[in-house]
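All remarks here apply to the structure that follows.
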Amino acid sequence: MNNSFSDLNLNSNIVEGLKKQGITVPTAIQSSSIIPAIENKDIIGEAFTGSGKTLAYLIPLFHKIDTTKREMQGIILAPTHELAIQIEDQIKLLAQNSDVPVTSLSIIGDVNINNQIKKLKDIKPHIIVGSTGRILDLIQKKKITAHTIKTIVIDEADNLLDPKRALVTKNIIKTTMRDRQLMIFSASIKAETLETAKTLMKEPLIIKGEDKPQINPNIEHMFIVCERRDKFETLRKLLVAVKPEKAIIFVNDNDDIELTTVKLNYHSKDCFAMTGKISKEDRKLAIESFKNGKIKILVSSDVTARGLDVEGITHVFHLDLPLKLNEYLHRAGRTARGDAHGTSICVTTIKQLSIIKKYEREFNVEFKQKKVFGGILEDYNYSLEVKNDNSENKSYNNKFNKSKFHK
1 MNNSFSDLNL
11 NSNIVEGLKK
21 QGITVPTAIQ
31 SSSIIPAIEN
41 KDIIGEAFTG
51 SGKTLAYLIP
61 LFHKIDTTKR
71 EMQGIILAPT
81 HELAIQIEDQ
91 IKLLAQNSDV
101 PVTSLSIIGD
111 VNINNQIKKL
121 KDIKPHIIVG
131 STGRILDLIQ
141 KKKITAHTIK
151 TIVIDEADNL
161 LDPKRALVTK
171 NIIKTTMRDR
181 QLMIFSASIK
191 AETLETAKTL
201 MKEPLIIKGE
211 DKPQINPNIE
221 HMFIVCERRD
231 KFETLRKLLV
241 AVKPEKAIIF
251 VNDNDDIELT
261 TVKLNYHSKD
271 CFAMTGKISK
281 EDRKLAIESF
291 KNGKIKILVS
301 SDVTARGLDV
311 EGITHVFHLD
321 LPLKLNEYLH
331 RAGRTARGDA
341 HGTSICVTTI
351 KQLSIIKKYE
361 REFNVEFKQK
371 KVFGGILEDY
381 NYSLEVKNDN
391 SENKSYNNKF
401 NKSKFHK
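Counting with full-length UniProt numbering, you get residues 1 to 407 for the letters of the sequence shown.
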């Protein structure tokens, strides 16, 4: 692994720009991918959430773009509007700090297409970041010049190459020249996604840290067992006990998201419900308020987990466990960005403990059982609880005693 970005023979302006962001040492995924990316190799990169994947592809893009030409040279495809906007924000920040005149534009759906066409004409961006549907639409309208694209990046590839969404992604790729570079990155890449990617690429370099999907080792994993009807009250007590500086609460159903938010705000928590019902403007304002601390807690479904990059999230709470196994990886990865530490806590029922066990096996992590007592989050003392608790807790412990649950 390289000790500095200077070791990667990058444009010195880019190295200085990274220093202004406090970034001096490349992460593992950056160290492994930047040089091959500069050499125009196709890349499949998997690394845990918060490991620096965005810069792993942006840095080589900045290094390669010919800023003397006012033409589109790179497309970055993202599964959510929030992620697209965050990527463009990072492009603008790096361009400003490095004094490299790379221009960019986010192209997403549910935004006036005529305004986007005007901006494409006025800015002539080197990099376009956006959603697949709107980008393909503008390519077909000949407003995005696909033949000048040298590099395509697919961020969160397991989402965009999922069978339900892969066709639009493939159609975008088909519009570009055959010698273009294709890079895909994700926190988890399923075998099916890997095979699909290989059919689109030329002898791709595959960068994977482990055989199993990875979770940031700086995240501590916990769970609390309660009856389903007691989940909200358990969550409320949890929030009082841990006093999160900034948190995301995951709930699977939109109506439950709104109800949970209303209840928490009644208890004087600074919460906002991130559902599909809110406008793009309100969503953007909420994320900005969350970043600057005006909102302390976001209550959301998994749509926010994909690509939300906000520093300082100390806790992730799961009022509902995710419907798909790998979604836990993306949810938990909202905390402990970079070198920070964070906590992920599942509020679950006895019947769902087998899912917690699956997380332990799949992601090679240990979950610690906790309880809230007297306003304090503390370890669940198995022997003491079996001796003193009611019959329900006894039956739980007989089924999942410590030696069986933690081998």
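Every residue gets a Cβ at the ideal spot worked out from N, C-alpha and C, and that includes glycine. Quick caveat, the model's predicted, so the values are computed rather than measured.
N-terminal and C-terminal residue of the beta strand (DSSP E) that residue i is part of
{"i": "I43", "result": "I43 to E46"}
{"i": "K370", "result": "F367 to F373"}
{"i": "H221", "result": "I219 to V225"}
{"i": "A146", "result": "Careful: A146 lies outside any beta strand (DSSP E) and carries neither H nor E."}
{"i": "I189", "result": "Run containing I189: none; DSSP gives neither H nor E here."}
{"i": "L105", "result": "S104 to I107"}
Span separating the alpha-carbon of residue i from that of residue j
{"i": "I117", "j": "I356", "result": "48 Å"}
{"i": "A56", "j": "D179", "result": "21 Å"}
{"i": "L200", "j": "G109", "result": "25 Å"}
{"i": "H315", "j": "S344", "result": "6 Å"}
{"i": "Q21", "j": "N97", "result": "8 Å"}
{"i": "K150", "j": "V111", "result": "26 Å"}
{"i": "K277", "j": "I257", "result": "11 Å"}
{"i": "G333", "j": "E311", "result": "11 Å"}
{"i": "K141", "j": "D122", "result": "17 Å"}
DSSP-derived helix/strand/coil call for residue i
{"i": "D158", "result": "helix"}
{"i": "G130", "result": "strand"}
{"i": "S268", "result": "coil"}
{"i": "G17", "result": "helix"}
{"i": "E195", "result": "helix"}
{"i": "L120", "result": "helix"}
{"i": "D302", "result": "helix"}
{"i": "E378", "result": "strand"}
{"i": "H318", "result": "strand"}
{"i": "D7", "result": "helix"}
{"i": "Q140", "result": "helix"}
{"i": "K53", "result": "helix"}
{"i": "S344", "result": "strand"}
{"i": "Q181", "result": "strand"}
{"i": "V262", "result": "helix"}
{"i": "V153", "result": "strand"}
{"i": "K277", "result": "coil"}
{"i": "K208", "result": "strand"}
Presumed contact (8 Å Cβ cut-off) between residue i and residue j, rounded CB distance
{"i": "V129", "j": "A78", "result": "6 Å"}
{"i": "V223", "j": "F363", "result": "It should be pointed out that residue 223 corresponds to Phe in this sequence rather than to Val. With 8 Å as the limit, F223 and F363 do not qualify as a contact, their Cβ atoms being about 14 Å apart."}
{"i": "A37", "j": "I29", "result": "Rounded, the Cβ-Cβ distance is 11 Å, inconsistent with contact."}
Burial state of residue i, where buried means 16 or more other Cβ atoms lie within 10 Å
{"i": "K399", "result": "Low per-residue confidence applies at K399: pLDDT is 44, beneath 50, and the placement is therefore not dependable, though the value from the model is reported in the following sentence. By the 10 Å Cβ count, K399 comes out exposed."}
{"i": "M177", "result": "exposed"}
{"i": "V25", "result": "exposed"}
{"i": "Y266", "result": "exposed"}
{"i": "K31", "result": "One point to set straight first is that residue 31 is Ser, not Lys, in the sequence displayed. With 16 or more Cβ atoms within 10 Å of its Cβ, S31 is classed as buried."}
{"i": "T335", "result": "buried"}
{"i": "E245", "result": "exposed"}
{"i": "S300", "result": "buried"}
{"i": "H341", "result": "exposed"}
{"i": "T275", "result": "buried"}
{"i": "I376", "result": "exposed"}
{"i": "G50", "result": "buried"}
{"i": "K231", "result": "buried"}
{"i": "G293", "result": "exposed"}
{"i": "L105", "result": "buried"}
The alpha helix (DSSP H) enclosing residue i, as first and last residue numbers
{"i": "E81", "result": "The sequence shown places His at residue 81, not Glu. Counting along the chain, the alpha helix (DSSP H) containing H81 begins and ends at H81 to S98."}
{"i": "E281", "result": "K280 to K291"}
{"i": "L167", "result": "A166 to K174"}
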